[in-house]
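What follows is a set of notes on a single structure, which appears directly below.
In my numbering, the protein residues as written are 264 to 559.
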């Protein structure tokens, strides 16, 4: 697929819709199931499906050095650390809040692209946008009468997930360009599933899963749609889009997540959170979206 392909905007929209709904599915899937176990089972199922697909496509499973590095980025940062944090955090914060905090990911990607890969510059416009987004994040974190210490901890852990995802995106962009998307995701999710299940054994040894129709359907949806379909589309776009513009997806799916959270789970969304979210969105837009006529 080339950068000018009509599949590019179609895949971009599909990712926004799917990932906007996964926050709700994670929340439903956590009812009765420990977080690390739920995430580990999700990526075990997704990895198995991708290995079957790789076999049907006769894709070579042998990876070169850069491919192995890309798989480690995916498996250890993109799946193990990032999703361990997301699943743990959503025990204490709403699905909409978790998605909103992911709005800060483009800023993390921009900073990494400047100081790590040195593929972007930090203009005054970007710095101003970053400061505005930081102020919005501070508003979200500012203690209020209804905010508990557990919720604050969940928000901090969600931001750790953002950082892990940003490093993963930039790392895969750097090392995974020539690696087959299906193979990279199959191997990366296998590594992630193993890491998450190890965390479950270590930290959830006595937690029993109570299965229901709702959390089983959520698990299947997260594995096949949220992982297989969305990540294949995502890493296909990684090969043809710049990392910062691709990370703008995180500006769109929180809106879907907030709407679904309110509609299905009746999650509260106070005005203060709305103000913080608006400031984060504005800051990221100023920092990341190029000015009219500016080169990209």
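Ideal Cβ placement from N, Cα and C applies to all residues, glycine included.
Within its chain, find whatever has a CB closer than 6 Å to the CB of residue i; leave out the 5 residues flanking it on each side and keep chain order.
| i | result |
| --- | --- |
| residue 463 | 299, 300, 303 |
| residue 307 | 456 |
| residue 486 | 305, 308, 309 |
| residue 430 | 340 |
| residue 345 | 424, 427, 428 |
Using the Cβ count rule (16 or more neighbours within 10 Å means buried), how would you classify residue i?
| i | result |
| --- | --- |
| residue 453 | buried |
| residue 384 | exposed |
| residue 276 | exposed |
| residue 274 | buried |
Sorted by chain position, which residues of the same chain lie with C-beta nearer than 7 Å to residue i's C-beta, five sequence neighbours on each side aside?
| i | result |
| --- | --- |
| residue 278 | 493, 496, 497, 512 |
| residue 391 | 549 |
| residue 322 | 443, 445, 446 |
| residue 334 | 326, 447, 450, 451, 454 |
| residue 290 | 353, 358, 528 |
| residue 474 | 295 |
| residue 440 | 502 |
Would you tell me roughly how many angstroms separate the C-alpha atoms of residue i and residue j, rounded to the nearest one?
| i | j | result |
| --- | --- | --- |
| residue 401 | residue 295 | 32 Å |
| residue 260 | residue 366 | Residue 260 falls outside the range modelled here, since the chain spans only 264 to 559, and no answer is possible. |
| residue 387 | residue 432 | 24 Å |
| residue 340 | residue 428 | 7 Å |
| residue 543 | residue 395 | 7 Å |
| residue 403 | residue 539 | 5 Å |
| residue 393 | residue 482 | 35 Å |
| residue 526 | residue 356 | 16 Å |
| residue 531 | residue 316 | 40 Å |
| residue 412 | residue 267 | 48 Å |
| residue 480 | residue 311 | 17 Å |
| residue 537 | residue 319 | 47 Å |
Is the beta carbon of residue i less than 8 Å from the beta carbon of residue j?
| i | j | result |
| --- | --- | --- |
| residue 509 | residue 523 | no |
| residue 358 | residue 313 | no |
| residue 418 | residue 360 | yes |
| residue 343 | residue 458 | yes |
| residue 336 | residue 484 | no |
| residue 364 | residue 415 | no |
| residue 547 | residue 370 | yes |
| residue 297 | residue 467 | yes |
| residue 348 | residue 420 | yes |
Go to residue i, then tell me how far its alpha helix (DSSP H) extends in each direction, as first and last residue.
| i | result |
| --- | --- |
| residue 516 | 512 to 527 |
| residue 466 | 444 to 466 |
| residue 285 | 270 to 292 |
| residue 332 | 328 to 335 |
Can you list, in chain order, the residues of its chain with a C-beta nearer than 8 Å to that of residue i? Leave out the 5 residues immediately preceding and following it.
| i | result |
| --- | --- |
| residue 518 | 283 |
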